[in-house]
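Under this note's numbering, think of the first position of the sequence shown as 1263, with each following residue one higher.
Yeah, the Cβ is synthetic: ideal placement off N, Cα and C, and Gly gets one too.
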Amino acid sequence: MAGLFLLPALLLLGALVAYPILFTVGRSFFDAGGTRFVGGENYTEMFRDPATLTAIRNSTLWVVVAPVLLTGLGLVLAVLTEKIRWATAFKLLMFMPMAISFLAAGIIFRVVYEQDPERGVLNAVAVGVHDSFDQGASFPTARPRPGQGLTKQQDGSYRTAPDLGPGSTAALGLVGVPPKDLPEKAKPAEDAASAKASGNELRGVVYVDFTPGGGGKPGRVDPAERGLPGMTVEAVRGGSVAAKATTAADGSYRLTGLRPGSSYALRLPAANFAEPYQGIAWLGPALVTPAIIGAYLWIWTGFAMVLIGAGLAALPREVLEAARMDGASEGQIFRRITVPLLAPVLTVVFVTMVINVMKVFDLVYIIAPGPVQQEANVLAMQMWLVSFGGGNNQGLGSALGVLLLLLVVPAMVFNIRRFRRSQT
1263 MAGLFLLPAL
1273 LLLGALVAYP
1283 ILFTVGRSFF
1293 DAGGTRFVGG
1303 ENYTEMFRDP
1313 ATLTAIRNST
1323 LWVVVAPVLL
1333 TGLGLVLAVL
1343 TEKIRWATAF
1353 KLLMFMPMAI
1363 SFLAAGIIFR
1373 VVYEQDPERG
1383 VLNAVAVGVH
1393 DSFDQGASFP
1403 TARPRPGQGL
1413 TKQQDGSYRT
1423 APDLGPGSTA
1433 ALGLVGVPPK
1443 DLPEKAKPAE
1453 DAASAKASGN
1463 ELRGVVYVDF
1473 TPGGGGKPGR
1483 VDPAERGLPG
1493 MTVEAVRGGS
1503 VAAKATTAAD
1513 GSYRLTGLRP
1523 GSSYALRLPA
1533 ANFAEPYQGI
1543 AWLGPALVTP
1553 AIIGAYLWIW
1563 TGFAMVLIGA
1573 GLAALPREVL
1583 EAARMDGASE
1593 GQIFRRITVP
1603 LLAPVLTVVF
1613 VTMVINVMKV
1623 FDLVYIIAPG
1633 PVQQEANVLA
1643 MQMWLVSFGG
1653 GNNQGLGSAL
1663 GVLLLLLVVP
1673 AMVFNIRRFR
1683 RSQT
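Pasting the structure below:
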C-alpha cells in the first residue's frame, strides 16, 4: 500500500531526475552528433582542453572560498543581530537579495564593477579615496608649443633649454588642454615677466597658452589665459633634483634654495601628463572571479544568516548564562560554546553552499565581460558553452555534466547522512 502512494512521486522523479542522468551518462560515450560510439574519448578530451582545466581551477576556488566566507559571515551576523533591537528589520534587509533573480543581480553587479568611475560605484569610491590623498593634477593631453623652449624627454617629461640661473623667471606654456579638463580652482595665469625672483630662487608660471576665441600671442601670458594648478615643477642640475614646487591656482611656482651662480633646467615630470587614476579593474583577468564571488556573497549571506540564526535561537540559554556567571568573556562563549553547539547547523549551511557553488552559472555568464569570460569560466558554464553556446558538441558537454554530477554527489550524500543522524 505504501508503494502505491509513493508511485506517482517515483514516476515523477524517474522522469525528471533518473532518466536525464542515465541519458547524459550514455550520451557522453558518443561523438558530437550522437551517431558514433567513442567510448572514453570525450573524457580524455575534456581533460586535455585548457578551457576545462581553467573551469576546474575556478570551480575549486569557488568551493574553497565562497562556502567558508558565507558560513563565517552568516555566523557573525547571526550572533550580532541578537544584540540589536531592530534585528528583524536587519534580517529582512539582508535576506532581500534572495528575492532578486541571478540575472538581475548579475546586471546590477556588472554596473557596480564598471571600470568607468562615472558609472561603476566601486571605482567611484576608489577614485574618491585616491584623489583625497593624492592632490596632484594630471593633464594627459597637454603638450608644449614647438619652439617655445620645452623639449620632450624619453621618460615622458618636458625640460627647458637652455638652463636658467637663480633670479630668473620662466613662463611654461602648454596647449592641448580642453576647457572641461581645467580644474574649477584654476585662476587667470600670473604674468611671469612681472614676477620678481630673488637671487636663490626661480619663479614663473605654468599656463594654458591659448586664448579662447583667438587673439592671444603664443609664448606670452595673455589676460584670458588660465594657469594650470597642481603641476609639479622641478629644478634639475647634473641629473639630480635641486628643488621642487607645485603650481598654485594661478599656475605660479617658486623654486627656492638654489645656489647663486649655478644654472638649472626646469622640468615638468611625466606624472603631470599621466592618465588620471581610473580605479581598479574589477572585471580584469586577475580579479574577475573574486568579483563574481563577491556578488554571490551579497545574494546568499542573508540566507546563511537566517538559517544560522534559527539554530542560534534554539540553543539552551542556561548554558550561555552559566558560562557568563563563571566569568567567561563573550569571545570565549562564542568560540567554546556557541560555535560547537551550532556545528550541525554550520555543517548543513556549508555543505549546501558547496552544492550551490558547484552549479553556479548565470552570475559568471552575465558579470564576466566577453574578453575575460574564459578567465572566469566554471564547470557549469563550460558545459553549456560546449553543448549549446557555440561548441555544439553534446557528447563532450555530457561528459562535463557527468563530471559535475560526480563532484556534487559526495556533498549531497554527506548532507543526507547528517540529516538522518540528526533525526535519530
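Outcome for Tyr1281 when other beta-carbon atoms lying within 10 angstroms are tallied against a minimum of 16: Here residue 1281 corresponds to residue number 19 of the sequence shown, with the count starting at 1. When all chains shown are included, Tyr1281 counts as exposed.
Span separating the alpha-carbon of Val1626 from that of Met1643: Position 364 of the sequence shown, counted from the start, is the residue given in the question as residue 1626. Position 381 of the sequence shown, counted from the start, is the residue given in the question as residue 1643. Near 8 Å, if we compare the C-alpha coordinates of Met1643 and Val1626.
Arg1465, buried or exposed, once every other Cβ within 10 Å from all chains shown has been counted against 16: Here residue 1465 is taken as the residue at index 203 of the sequence shown, counted from 1. Classification for Arg1465: buried.
N- and C-terminal bounds of the alpha helix (DSSP H) containing Tyr1305: Along the sequence shown, read from residue 1 onward, the residue named residue 1305 stands at position 43. From DSSP, the alpha helix (DSSP H) with Tyr1305 extends over 1303 to 1310.
Top-ranked residue by Cα proximity to Met1308, from Leu1647, Leu1517, Ala1367, Arg1682: Position 46 of the sequence shown, counted from the first residue, corresponds to residue 1308. Considering only alpha carbons, the answer is Leu1647.
According to DSSP, residues forming a beta bridge with Phe1299: Locating residue 1299 in the sequence shown gives position 37, counting from the first residue. Answer by DSSP bridge pairing, in chain order: Phe1292.
Option in Ala1605, Pro1485, Met1493 with minimal Cα separation from Leu1337: Numbered from 1 along the sequence shown, position 75 holds the residue referred to as residue 1337. Closest by alpha carbon: Ala1605.
Neighbourhood of Ser1525 by C-beta, 6 Å cutoff - its chain only, sequence neighbours within 5 removed: Here residue 1525 is taken as the residue at index 263 of the sequence shown, counted from 1. Within the same chain, Ser1525 has close Cβ partners Asp1425, Gly1427.
Per-residue burial, Gly1513 [other beta carbons within 10 Å of its own, 16 or more giving buried]: Here residue 1513 refers to the residue found at position 251 of the sequence shown. By the neighbour-count criterion, in which 16 or more other beta carbons inside 10 Å mark a residue as buried, Gly1513 falls on the buried side.
Arg1521 classed as buried or exposed, judged by whether at least 16 other C-beta atoms fall within 10 angstroms: The count along the sequence shown starts at 1 and reaches residue 1521 at position 259. Under this definition Arg1521 is an exposed residue.
contact_flag[the stretch 1381 to 1396, the stretch 1581 to 1588] where n(CB pairs < 8 Å) is 3 or more: no
Local conformation of Pro1485 per DSSP, three classes: Residue mapping note: residue 1485 aligns to position 223 of the sequence shown, counting from 1. Residue state for Pro1485 is assigned as coil, using DSSP reduced to three classes.
Segment contact, 8 Å Cβ cut-off, at least three pairs: the stretch 1665 to 1675 with the stretch 1337 to 1355: no
Cβ-heavy atom distance, Leu1530 to the ligand ZN, below 7 Å: In terms of ligand content, the structure shown is empty, and the ligand ZN therefore cannot be addressed.
Cβ contact (3+ pairs, closer than 8 Å) linking the stretch 1541 to 1548 and the stretch 1474 to 1493: no
Cα-Cα separation between Ser1660 and Thr1306, rounded to whole angstroms: In the sequence shown, counting from the first residue as 1, residue 1660 sits at position 398. In the sequence shown, counting from the first residue as 1, residue 1306 sits at position 44. Each residue's Cα considered, the two are about 13 Å apart.
Check whether Thr1509 and Pro1491 have beta carbons under 8 Å apart: One-based indexing of the sequence shown puts residue 1509 at position 247. One-based indexing of the sequence shown puts residue 1491 at position 229. In contact: Thr1509 and Pro1491 (Cβ atoms closer than 8 Å).
Outcome for Pro1672 when other beta-carbon atoms lying within 10 angstroms are tallied against a minimum of 16: In the sequence shown, counting from the first residue as 1, residue 1672 sits at position 410. Exposed.
Rounded C-alpha distance that separates Ala1317 from Pro1359: Along the sequence shown, one-based indexing puts residue 1317 at 55. Along the sequence shown, one-based indexing puts residue 1359 at 97. Distance between the alpha carbons of Ala1317 and Pro1359 is about 26 Å.
Gly1541, DSSP secondary structure in three states: Position 279 of the sequence shown, counting from 1, holds the residue named residue 1541. In the structure shown, Gly1541 sits in coil (DSSP, three-state: anything other than H, G, I, E or B).
Coil, strand or helix - Gly1368 by DSSP: Taking the sequence shown and counting its residues from 1, one reaches residue 1368 at position 106. Of the three classes helix, strand and coil, the one that applies to Gly1368 here is helix, per DSSP.
C-beta atoms of Gly1657 and Ser1290 nearer than 8 Å: The residue labelled residue 1657 in the question sits at position 395 within the sequence shown. The residue labelled residue 1290 in the question sits at position 28 within the sequence shown. It is a contact, given that the beta carbons lie within the stated cut-off.
Selected residue, minimal CA-CA separation from Val1433, among Lys1458, Ala1504, Val1374: Within the sequence shown, residue 1433 is the residue found at index 171, counting from 1. The question names Val, but residue 1433 in the sequence shown is Ala. For the residues Lys1458, Ala1504, Val1374, the minimum Cα distance to Ala1433 belongs to Lys1458.
Separation of Met1567 from Gly1573, as counted between CA atoms: Numbered from 1 along the sequence shown, position 311 holds the residue referred to as residue 1573. Numbered from 1 along the sequence shown, position 305 holds the residue referred to as residue 1567. Cα to Cα, the separation comes out at about 10 Å.
Nearest neighbour of Gly1556, chosen from Tyr1469, Tyr1375, Ser1400, Gly1475 [CA to CA]: Here residue 1556 refers to the residue found at position 294 of the sequence shown. Looking at the Cα atoms, Tyr1375 is the closest of the given residues.
Enclosing alpha helix (DSSP H) for Gly1556 [first to last residue]: Here residue 1556 refers to the residue found at position 294 of the sequence shown. Unbroken alpha helix (DSSP H) run through Gly1556: 1550 to 1575.
Within 8 Å, strictly: CB atoms of Val1619 and Phe1676: By one-based count along the sequence shown, residue 1619 stands at place 357. By one-based count along the sequence shown, residue 1676 stands at place 414. Taking 8 Å as the Cβ cut-off, Val1619 and Phe1676 do not qualify as a contacting pair.
C-beta contact flag for Ala1553 and Trp1544 at 8 Å: What you label residue 1553 is simply residue 291 of the sequence shown in a count that begins at 1. What you label residue 1544 is simply residue 282 of the sequence shown in a count that begins at 1. For Ala1553 and Trp1544, yes; Cβs fall inside 8 Å.
Any beta strand (DSSP E) of 3 or more consecutive residues that is wholly inside the stretch 1403 to 1440: Entirely contained in the stretch 1403 to 1440, the beta strand (DSSP E) runs reaching 3 residues are, in chain order, 1412 to 1414, 1420 to 1422, 1431 to 1437.
Residue environment, Ala1630, which counts as buried when at least 16 other CB atoms sit within 10 Å: Counting from one through the sequence shown, the residue named residue 1630 turns up at place 368. Buried is the call here.
Backbone secondary structure at Ser1660 - three-state DSSP: Numbered from its first residue, the sequence shown carries residue 1660 at position 398. Ser1660: helix per DSSP, three-state reduction.
Tyr1526 - containing beta strand (DSSP E), residue span: Looking up residue 1526 in the sequence shown gives position 264. Unbroken run through Tyr1526: none, as it is neither H nor E.
Test item: CB-CB of Ala1328 and Met1615 under 8 Å: Position 66 of the sequence shown, counted from the first residue, corresponds to residue 1328. Position 353 of the sequence shown, counted from the first residue, corresponds to residue 1615. Met1615 sits close to Ala1328, with the two beta carbons spaced by under 8 Å.
Every unbroken alpha helix (DSSP H) within the stretch 1606 to 1673, with a cutoff of 4 residues, ordered by chain: Runs of alpha helix (DSSP H) with 4 or more residues, each lying fully within the stretch 1606 to 1673, are found at 1624 to 1629, 1641 to 1649, listed in chain order.
Cβ-based burial, Asn1655 [other Cβ within 10 Å; buried from 16]: Residue 1655 sits at position 393 when you count from the first residue of the sequence shown. It is buried - the Cβ of Asn1655 has at least 16 other Cβ atoms within 10 Å.
Neighbour-count burial assignment, Ala1366, 16 or more Cβ in a 10 Å radius: Your numbering for residue 1366 matches position 104 in the sequence shown. Counting Cβ neighbours within 10 Å, Ala1366 comes out exposed, since fewer than 16 surround it.
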